[in-house]
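Since the structure comes first, as structure tokens, the remarks are kept for the end.
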Amino acid sequence: MKSYRQPRLSAPRYVLLLILACVPLHGQELRTAIVEGNLLRVQNLLADGVDPNQPFADTSTPLAWATDKQSVPLVKALLEAGAKPVSSADSFSALVLACLRGNSEIIHLLLDAGAEVNQTNAEGITPLALCAGNADLASVKRILEQGAELTRRDLQGQTALMWAAAKGREDIFRFLVGRGADINAASNNGFSPLFFAIKSGSKNTAFAALELGADVTHRGPENTSAVQLAMYQQLYPLAQALIERGVDLNAFDRNGYQLLHAAVIAQQAGLVKLLLDKGADPNSVTGESRITWRYEVNFTSRPYVVHPKSPLLLAAERGSKEMMAAMIAAGAKPDFRSDDGNNVLLAAAQSNPEAMAYALTLVKNVNRQNQAGQTALHRLMTLGTDKETTNEDMAAMFKLLAAAGARTDIADNNGTTAYDIGSRDQYRAKDAFLATFNSTKESVQL
């Protein structure tokens, strides 16, 4: 699924501008004093008659800068000197900035001074939306009391409720729904409040959306479902709740995974069991990814190919005996081979001893080769140091393969045997390999 960002807010620039002829010198001094947080200097300049409403060259106002500084004393000083909480420039509305920063005291000061609650920023985002995402509930209530439009949308089609959802603000989310916000409205990109809540990672807000009547059948961008997004965001309790309600078990996500594949990859044994109990097919293979992969020329110029895999192979790759056994119990075919020739043993060969031991009970030929000519022993020995498999694990796996009749003299497509790898001085598990398969090449050939 595409990556969706929060709408950007144009905020005052933090670099002091050059003194321009059209701006009074004292105005520049006032801005400098505000940026530095020099309350005494600000008070003195205002006492000397500097206009608190004179906009700067970029059309921002002293009050906007004080608000962005998040200084209550500076805001009070400017308001007491007659600063008006209005701006002709959408980007520099003091209330917009106050709601963005979330300081409730400043928000209330500006509202007390008559700030316009429906003045948006350049992207159409209202103070209510920003407060829903960043301020406290009291500030949201106050803005609504002063006439803020609850259902107003920004240029991205997002409402205040969506902002609350996107920021995981459960209390504000519940309040806005209670005030009549549409819980099933969709943004221009097809995100509903439920989708924003899931994307935020806030379990409580997402569950609140379900409780308050969110449409769980809504489809977002790339036909993504709520449960697929929950899996992607690792909100597994929410995914479980959605699965229990009933979802499409056969749908593929943008990665080419059905829910069962995604649960295996995430190593969520509880979800795997639930999906199998709900009727997920233990022999359904992964589909084609809709993601466009790009690589540096130094790595590869060829398309990245992911061969379809069964849930059993995915479980074996991740070293989960529990999930492998669950697949077999549900009817998974133990003799499945992917297009690159890997079977359950070849997949488990780069995981851990427990998974390998179980895989060995499922295959007849320990020396079966994949399309690259590799045996399970080859794959174990070419395991990178970036994997979690320790040298101790490798030693235990050597013993398992040796006991099952693994040969060290079988060459892969490059003409390399397991013995060639294991006898190299720089090989990480050389001692364990030779101790298991004897110390000379001749003694291990059959």
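Mapping of the sequence shown onto UniProt numbering: position 395 corresponds to residue 395, and the numbering continues sequentially without gaps. The C-beta atom is built at its ideal place from N, Cα and C for all residues, glycine as well. Values in this document were obtained by computation on a predicted structure and should not be read as measured data.
With the cut-off set at 7 Å, would you say K321 and E288 are in Cβ contact?
no
Would A47 pass as a contact of R41 if the rule is Cβ separation under 7 Å?
no
Within its chain, find whatever has a CB closer than 7 Å to the CB of L97; leave out the 5 residues flanking it on each side and keep chain order.
A11, A64, T67, D68
Residues in the same chain with beta-carbon distance under 7 Å from M327, minus the five sequence neighbours each way, listed in chain order, please.
P282, P311, L312, A315
Using 8 Å as the threshold, is the region 246-254 in touch with the region 216-226, meaning 3 or more CB pairs across them?
yes
By alpha-carbon positions, which one of G415, T408, G201, D412 ends up nearest to F433?
T408
Apart from the five residues on each side of it in sequence, which residues of its chain come closer than 6 Å, Cβ to Cβ, to F336?
S310
I need the DSSP call for T382, collapsed to helix, strand or coil.
coil
How many angstroms separate the CA atom of V272 from the CA atom of S187?
33 Å
Is N118 near E145, with beta carbons less than 7 Å apart?
no
So what does R219 bridge to, in DSSP terms?
S225
E288 lies in the alpha helix (DSSP H); which residues open and close that run?
No alpha helix (DSSP H) holds E288; DSSP gives it neither H nor E.
For A411, name the three-state secondary structure that DSSP assigns.
strand
Can you name the start and end residues of the alpha helix (DSSP H) that N44 belongs to?
39-47
Could you spell out where the alpha helix (DSSP H) holding V72 opens and where it closes?
72-80
Could you spell out where the alpha helix (DSSP H) holding K273 opens and where it closes?
269-277
Spell out the partners DSSP gives T390 in its beta bridges.
For T390, which the question treats as bridged, DSSP gives no partner whatsoever.
Under the rule that 16 or more other beta-carbon atoms within 10 Å means buried, what is P73, buried or exposed?
exposed
On the premise that L345 lies in contact with A372, defined as a C-beta separation below 8 Å, what is that separation, rounded to the nearest angstrom?
Contact flag wrong, Cβ pair sits at about 15 Å.
Between L235, K167, L161, G102, which lies nearest to R174 when the distance is taken from Cα to Cα?
L161
Per DSSP, the bridge partner or partners of T417:
A411
Any chance you could list the alpha helix (DSSP H) runs of at least 4 consecutive residues sitting entirely within the region 118-204, in chain order?
127-134, 137-145, 160-166, 170-178, 193-200
Hey, out of L229, A165, F191, A230, whose CA is closest to A208's CA?
A165
Whole angstroms are fine: how far does the CA of M324 sit from the CA of N367?
21 Å
Hey, would you say A429 sits closer than 7 Å to M394, going by beta carbons?
yes
Roughly how many whole angstroms lie between the Cα atoms of E36 and Q28?
12 Å
Closest to H378 by C-alpha separation, out of N413, V363, A403, L362, would be which residue?
N413
Helix, strand or coil: how does DSSP classify residue 447 here?
Nothing in the structure corresponds to residue 447, since the chain is present only between 1 and 446.
Distance cut-off 6 Å: V227 Cβ against heavy atoms of the ligand GDP:
In the structure on display, the ligand GDP does not appear, and there are no ligands present to speak of.
Determine whether the beta carbon atoms of C99 and L79 lie at a separation below 7 Å.
no
Excluding five sequence neighbours on each side, which residues of the same chain lie with their C-beta closer than 7 Å to the C-beta of H261?
T286, P311, L314
Opening and closing residue of the alpha helix (DSSP H) in which V344 lies
344-348
Are the beta-carbon atoms of I198 and A239 separated by less than 7 Å?
no
What is the rounded straight-line gap between the Cα of N370 and the Cα of R169?
51 Å
Quick check on this structure: which residue in D51, S338, G319 has the alpha carbon closest to the alpha carbon of A269?
G319
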